[in-house]
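Residue numbers (my numbering), protein chains in the order written: chain A, 28 to 331; chain B, 93 to 395.
Input: a single structure, listed below in structure tokens.
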């Protein structure tokens, strides 16, 4: 997914001379291709994220198209007020890319783990929020973000979990994406981000389960959700993010108004990580590993 | 064609550029049109009228920057009276949004704000807020949460530099606002990129919300701090219009590639003796008596 990000960024910058890349001294090898192709449009703002976002707002006001890159623990969470006031208030065309969302920087601890970013950014009026599941959704999301000319947050989670789509040629990121259809009255799993790979493996173990991804969290594809709710027996949401305020919260809020159904929200409970460990270790600590998730979904499927 | 081309401009005897000469001259000839003299007493009268009509606070914050704004609008900012959003305008970022009534007063002189907006200030459903709001044509940023504006101004100055444009960016920050960390991030970056099209003006009135800056977070010698961060910095009397003008002319013509800082010694509440250096006028609303007394002190019967 990171290669797809770099490729997309270079391709978009090749086509649009107003595109700039701002980074808060992050992305060491990630921007080699961009720096080679467009050295004058690579701006390292230093370790100063608040100033970086304010500058991006100023640059957007001068007609530039900044991509602002950071780890999602910092962009958007650390700079939330700059995004709200300096950028989103006027829907300036700034694209915030939050990398390493979830437990990607597992060993580094709480400062680099990012499980609140969707909840924070989603509450800001007018913000668009993208959360691609794989490199194909990422590529489509980058094109969408550049074309939309709005204030956008693009969340990049664990980048090496593999593909859920065969290619990006058919992906309309504004729509929920059906990865696997299920039977009427069955369990429908809605996943956002790379945890969609887990969703597919869980569905292997649950008869008649469907799997969809949501590359665009806000604005949300209410039409597709409505149609899913009409035929589903129950919903499961999956995200590598807190169950408070994130994708599961969003789906539950909408479903309660559209067509109430039982919803199981798979995500991080209201707690910080306790121990140091690998990505897989932290998924187990938080109950987001395949076995724990599958057991929860199977029990939910049997009970409702 | 780069934004901000000077093909329309000429320089007067003092080296001041007038980008929109025709419009300016026309306005000066038309007695019913714009008033581009930006007389400080008139500006203060407008502030009083707004503050009284809206029963609002922050009068002292506005009064300390009256002369700074008057000189900027009169002699330095290139703008189009007919179009506050002219794409070639110079940019004035009021980061200390608490002084916004002073900027409204200038905008009224240009004609961007009408008398109804003054008399209906703070009315339900009206446009003009108590802090700077970028949706108001003529204001560039939404400020009031302090420590935002300078970063935006640096981004604008960088954008002008990338475009090889001669557009200039002026950012007004409060001295109390210099408590905020992002200002110092922005200063480092501005010097790194040699943004000599940026002028930071610090309204050094010596007060912040809860008292004297020296007793809260002492700022020391701000000019020395800016110089240490790579700026050309001078300190002047922020109520002396000639001194402000001279400093800004020097900045424009000095040929240096460093960003500029004007440390303006000002008096919070300047112009009305019972408001001067009394921080209660950060918070106090005018009543009929203080409104009348303040008008008498300013000596302008009608703005």
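All residues carry an ideal CB built from backbone N, CA and C; glycine is no exception.
Contact check, residue i vs residue j, beta carbons under 9 Å
i	j	result
residue 294 of chain A	residue 264 of chain A	yes
residue 282 of chain B	residue 290 of chain B	yes
residue 322 of chain B	residue 351 of chain B	yes
residue 195 of chain A	residue 173 of chain A	no
residue 232 of chain B	residue 219 of chain B	no
residue 193 of chain B	residue 139 of chain B	yes
residue 243 of chain A	residue 223 of chain A	no
residue 353 of chain B	residue 392 of chain B	no
residue 307 of chain A	residue 316 of chain A	yes
residue 287 of chain B	residue 250 of chain B	yes
residue 245 of chain A	residue 166 of chain A	no
residue 229 of chain A	residue 321 of chain A	yes
residue 221 of chain A	residue 178 of chain A	no
residue 318 of chain B	residue 369 of chain B	no
residue 300 of chain A	residue 219 of chain A	no
residue 73 of chain A	residue 284 of chain B	yes
residue 326 of chain B	residue 355 of chain B	yes
residue 83 of chain A	residue 104 of chain A	no
residue 210 of chain B	residue 154 of chain B	no
residue 39 of chain A	residue 197 of chain A	no
residue 97 of chain A	residue 139 of chain A	no
residue 1 of chain A	residue 35 of chain A	For chain A, the structure presents residues 28 to 331; residue 1 of chain A sits outside this window and is missing.
residue 357 of chain B	residue 277 of chain B	no
residue 134 of chain A	residue 234 of chain B	no
residue 141 of chain A	residue 75 of chain A	no
residue 252 of chain A	residue 289 of chain A	no
residue 214 of chain A	residue 324 of chain A	yes
residue 102 of chain A	residue 64 of chain A	no
residue 248 of chain A	residue 202 of chain A	yes
residue 85 of chain A	residue 320 of chain B	no
residue 213 of chain B	residue 143 of chain B	yes
Expected contact under 8 Å - CB spacing of residue i and residue j to nearest Å
i	j	result
residue 187 of chain B	residue 240 of chain B	7 Å
residue 146 of chain A	residue 269 of chain A	6 Å
residue 291 of chain A	residue 130 of chain A	The Cβ separation is near 20 Å, so there is no contact.
residue 94 of chain A	residue 45 of chain A	Going by Cβ atoms, the distance from residue 94 of chain A to residue 45 of chain A rounds to 11 Å, so no, they are not a contact pair.
residue 28 of chain A	residue 199 of chain A	So it is not a contact: roughly 19 Å between Cβ atoms.
residue 365 of chain A	residue 237 of chain B	This structure does not reach residue 365 of chain A, given that chain A is present from 28 up to 331, and the question cannot be answered.
residue 260 of chain A	residue 212 of chain A	4 Å
residue 135 of chain B	residue 158 of chain B	5 Å
residue 49 of chain A	residue 79 of chain A	5 Å
residue 230 of chain B	residue 199 of chain B	5 Å
residue 362 of chain B	residue 156 of chain B	6 Å
residue 364 of chain B	residue 386 of chain B	5 Å
residue 309 of chain B	residue 275 of chain B	With a Cβ gap of about 12 Å, residue 309 of chain B and residue 275 of chain B do not count as contacting.
residue 266 of chain A	residue 273 of chain A	5 Å
Anything in the stretch 311-330 of chain B with a Cβ closer than 9 Å to a Cβ of chain A? List those residues in chain order, please. Those would be none; no residue qualifies.
At a CB distance below 7 Å, what residues from the stretch 135-165 of chain A approach chain B? Give them in sequence order. Listed by position, the residues of the stretch 135-165 of chain A near chain B (Cβ gap below 7 Å) amount to none.
Interfacial residues, the stretch 97-114 of chain A to chain B, with Cβ spacing under 7 Å: For the stretch 97-114 of chain A, which is checked against every Cβ of chain B, the residues closer than 7 Å are 108, 109, 112, 113.
Length-filtered (3 minimum) beta strand (DSSP E) runs lying within the stretch 37-112 of chain A: List check, beta strand (DSSP E) in window: 46-50, 69-71, 92-98.
Please list, in chain order, the residues of the stretch 77-93 of chain A that have any C-beta partner in chain B closer than 9 Å. For the stretch 77-93 of chain A, which is checked against every Cβ of chain B, the residues closer than 9 Å are 77, 78, 79, 80, 81, 82, 83, 84, 85, 86, 87, 88, 89, 90, 91, 93.
Mind listing, in chain order, the continuous alpha helix (DSSP H) runs of no fewer than 4 residues lying wholly within the stretch 239-271 of chain A? If we require 4 residues or more, the alpha helix (DSSP H) runs fully inside the stretch 239-271 of chain A come out as 249-258.
Go through the stretch 142-221 of chain A residue by residue and report every complete run of the beta strand (DSSP E) that reaches 3 residues or more, in order. DSSP runs (the beta strand (DSSP E)) wholly in the stretch 142-221 of chain A: 155-157, 179-182, 204-207, 214-218.
Would you be able to state if there are at least three C-beta pairs under 8 Å between the stretch 121-128 of chain A and the stretch 169-186 of chain A? With a cut-off of 8 Å on Cβ pairs, the stretch 169-186 of chain A is in contact with the stretch 121-128 of chain A, counting three or more such pairs.
Which complete beta strand (DSSP E) runs does the stretch 239-271 of chain B hold, if anything under 3 residues is left out? With a minimum length of 3 residues, the continuous beta strand (DSSP E) runs that stay inside the stretch 239-271 of chain B are 261-266.
For the stretch 235-264 of chain B, enumerate the residues whose C-beta is nearer than 9 Å to any C-beta of chain A, in chain order. Taking 9 Å as the Cβ-Cβ cut-off against chain A, the residues of the stretch 235-264 of chain B that qualify are 235, 236, 237, 239, 240, 241, 242, 243, 244, 245, 246, 247, 248, 249, 250, 251, 252, 254, 255, 257, 259, 261.
Stretch pair the stretch 198-210 of chain B + the stretch 165-180 of chain B: three plus CB contacts closer than 8 Å: At 8 Å Cβ cutoff, the stretches touch.
Stretch-stretch touch, CB-based, cutoff 8 Å, three pairs: the stretch 253-273 of chain B with the stretch 137-156 of chain A: Touching, no, given that fewer than three Cβ pairs across the two stretches are closer than 8 Å.
Residues of the stretch 186-207 of chain B in Cβ contact with chain A at a cutoff of 8 Å, in chain order, please. Hits within the stretch: zero.
Any chance the stretch 141-155 of chain B sits against the stretch 178-185 of chain B, with 3 or more Cβ pairs inside 8 Å? Judged by Cβ distances under 8 Å, the stretch 141-155 of chain B makes no contact with the stretch 178-185 of chain B, as fewer than three pairs qualify.
Scan the stretch 146-172 of chain B for residues whose Cβ lies nearer than 7 Å to a Cβ of chain A and list them as they occur along the chain. Taking a C-beta cut-off of 7 Å against chain A, none of the residues of the stretch 146-172 of chain B qualify.
Members of the stretch 208-238 of chain B near chain A, C-beta cut-off 9 Å: Answer in chain order: 225, 226, 227, 232, 233, 234, 235, 236, 237.
Please list, in chain order, the residues of the stretch 52-80 of chain A that have any C-beta partner in chain B closer than 7 Å. Among the residues of the stretch 52-80 of chain A, those with a Cβ less than 7 Å away from any Cβ of chain B are 72, 73, 75, 77, 78, in the order of the chain.
Can you give, in chain order, each stretch of the alpha helix (DSSP H) that sits fully within the stretch 282-344 of chain B and has at least 4 residues? You should have 305-308, 314-320.
Using 8 Å as the cut-off, can you tell me whether the stretch 51-70 of chain A makes contact with the stretch 215-229 of chain B, which would need three or more C-beta pairs spanning the two stretches below that distance? Judged by Cβ distances under 8 Å, the stretch 51-70 of chain A makes no contact with the stretch 215-229 of chain B, as fewer than three pairs qualify.
Check distances from the C-beta atoms of the stretch 29-46 of chain A to those of chain B and list, in chain order, the residues that come in under 8 Å. Those would be none; no residue qualifies.
Against chain A: residues of the stretch 264-282 of chain B by CB proximity under 8 Å: Under the 8 Å Cβ criterion, the stretch 264-282 of chain B contributes 273, 274, 277, 278, 280, 281.
In chain order, what are the residue ranges of uninterrupted alpha helix (DSSP H) at least 4 long that sit wholly in the stretch 275-323 of chain A? Listed in chain order, the complete alpha helix (DSSP H) runs (minimum 4 residues) inside the stretch 275-323 of chain A are 306-312.
Give, in chain order, every unbroken run of the beta strand (DSSP E) that is at least 3 residues long and sits entirely within the stretch 140-188 of chain B. If one requires a minimum length of 3 residues, the beta strand (DSSP E) runs lying completely within the stretch 140-188 of chain B are 183-186, in chain order.
Could you run through the stretch 113-131 of chain A and flag, in chain order, every residue whose CB is less than 7 Å away from some CB of chain B? Correct list: 113, 116, 117.
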